[in-house]
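This report concerns only the one structure given below.
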Amino acid sequence: MTNVILQMAPVPMQLTQRLQQHFTLVNYAQLTPEQQVELLPQVRVLLINGETSLSDAAMACFPNLQLIAVFGVGYERVDAHAAHKRNIQISNTPGVLTDDVADLAFGLILACARQIVGAQRFIERGDWADQSFRWTRKVSGSRLGILGLGRIGRAIARRASAFNMSVCYHSRTRHACFEGEYCATPQALAAHCDFLVVCAPGGESSRALVNAEVLQALGPTGILINIARGSVVDEAALVHAIEHKLIAGAGLDVFCDEPRVPGALLQRDNVVITPHMGSATQSTRKAMSELVYENISAYFSGKPLLTPTDKP
1 MTNVILQMAP VPMQLTQRLQ QHFTLVNYAQ LTPEQQVELL PQVRVLLING
51 ETSLSDAAMA CFPNLQLIAV FGVGYERVDA HAAHKRNIQI SNTPGVLTDD
101 VADLAFGLIL ACARQIVGAQ RFIERGDWAD QSFRWTRKVS GSRLGILGLG
151 RIGRAIARRA SAFNMSVCYH SRTRHACFEG EYCATPQALA AHCDFLVVCA
201 PGGESSRALV NAEVLQALGP TGILINIARG SVVDEAALVH AIEHKLIAGA
251 GLDVFCDEPR VPGALLQRDN VVITPHMGSA TQSTRKAMSE LVYENISAYF
301 SGKPLLTPTD KP
């Protein structure tokens, strides 16, 4: 067995089936310890998802590893510096999931502001027979803050224009060609908006970027939306802000310790939670699978990767 692709994490069956038709794909979880050791020198490609951790020590176990193919955009749990030093390429799936994640971000904005989930519970409890549902928040014409102006952040900004929202942003780089107002810090951004949408990539450089001070600046009428990575938000500070009504609410698709969600965020009308499903539509997962396959196929054919990640 040579030129092995080793699957280290769950990915769609349509991807694994196609890879099996053309290459040697082995699922690491199905191997015995003895088989795992025997296979290590034969592995050329690791197939992972965005939640997979790969340290320098882990890469060292595969002496002939040349490609880490990521099913997803984020790869912050992969030691990219170590991979670069070992001449290991990394591919991911940017672009194809942008619209889905931006759509969900706006879905969370609307669900939180209008308390759609809470309104459904109100009807299901039978409360409508005795009283009207409380008044909620208007979205159109409000101020949207975007933390991280990448592909997804820009897609959210385009959607905001249809709601006549004013847009401001903070990112590592100021974008002269973007019409929205730039804020120098996350705290300044939070103070300037009604809805703060977190689009920043994960990793140590952005860990707890949205901290207690940022949430304090967002204030008792502000709503936090996170469709990026759970690590970008200080989850303990967020729980405190929700419990003490320091912010008006939150829409969360990602969490620090998935699939575990803090109990304090559950069963609240002003908190809408989803199970990290930003890109989870049939069409987009199909497109992601196709892009992973094409990257792996390009590698084995000696061609440039379609979507290599930037060198660290």
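So that you can map any letter, position 189 of the sequence shown is 189 in UniProt numbering, and since no number is skipped, the others follow by simple counting. Note that the Cβ used here is the ideal one computed from N, Cα and C, for glycine as well. From a predicted model like this one, the values you see are computed outputs, not experimental measurements.
Could you check where the alpha helix (DSSP H) with residue i kicks off and where it finishes?
i: Cys112; result: 98 to 113
i: Arg143; result: No alpha helix (DSSP H) contains Arg143, which is instead part of the beta strand (DSSP E) from 143 to 147.
i: Ala83; result: 80 to 85
i: His240; result: 235 to 243
i: Ser161; result: 151 to 162
Straight-line CA distance for residue i to residue j?
i: Pro186; j: Val210; result: 7 Å
i: Ala129; j: Gln120; result: 14 Å
i: His84; j: Gln216; result: 39 Å
i: Pro12; j: Leu291; result: 12 Å
i: Leu104; j: Ser289; result: 20 Å
i: Pro275; j: Phe255; result: 9 Å
i: Phe71; j: Thr93; result: 6 Å
i: Met59; j: Tyr169; result: 37 Å
i: Lys311; j: Gln267; result: 43 Å
i: Ala9; j: Thr52; result: 7 Å
i: Ala176; j: Tyr182; result: 9 Å
i: Ala111; j: Gly251; result: 8 Å
Buried or exposed for residue i, please, with buried defined as at least 16 other CB atoms from any protein chain shown within 10 angstroms of its CB.
i: Arg77; result: buried
i: Ile115; result: Sequence check: residue 115 is Gln here, not Ile. Gln115 should be labelled buried.
i: Thr284; result: buried
i: Met277; result: exposed
i: Gly230; result: buried
i: Thr32; result: exposed
i: Val37; result: exposed
i: Ile152; result: buried
i: Gly141; result: exposed
i: Ala184; result: exposed
i: Arg44; result: buried
If I follow the unbroken beta strand (DSSP E) through residue i, where does it start and stop?
i: Ala250; result: 249 to 252
i: Ser283; result: Taken as a continuous stretch (DSSP letters only), Ser283 belongs to no beta strand (DSSP E), being part of the alpha helix (DSSP H) at 282 to 300.
i: Arg44; result: 43 to 49
i: Ile225; result: 223 to 226
i: Thr24; result: 24 to 27
i: Gln7; result: 4 to 7
i: Leu266; result: Note, Leu266: premise wrong, no beta strand (DSSP E); not H, not E.
i: Ile68; result: 67 to 71
Are the beta-carbon atoms of residue i and residue j separated by less than 8 Å?
i: Leu6; j: Leu47; result: yes
i: Leu67; j: Gln89; result: yes
i: Ile247; j: Gly263; result: no
i: Ala237; j: Ala212; result: yes
i: Leu196; j: Leu147; result: yes
i: Tyr75; j: Thr307; result: no
i: Asn270; j: Asp253; result: no
i: Ala69; j: Ser55; result: no
Report the CB separation of residue i from residue j in whole angstroms; it is logged as a contact under 8 Å.
i: Val198; j: Ala228; result: 5 Å
i: Asp99; j: Ala155; result: 6 Å
i: Leu19; j: Tyr293; result: 6 Å
i: Met165; j: Leu144; result: 5 Å
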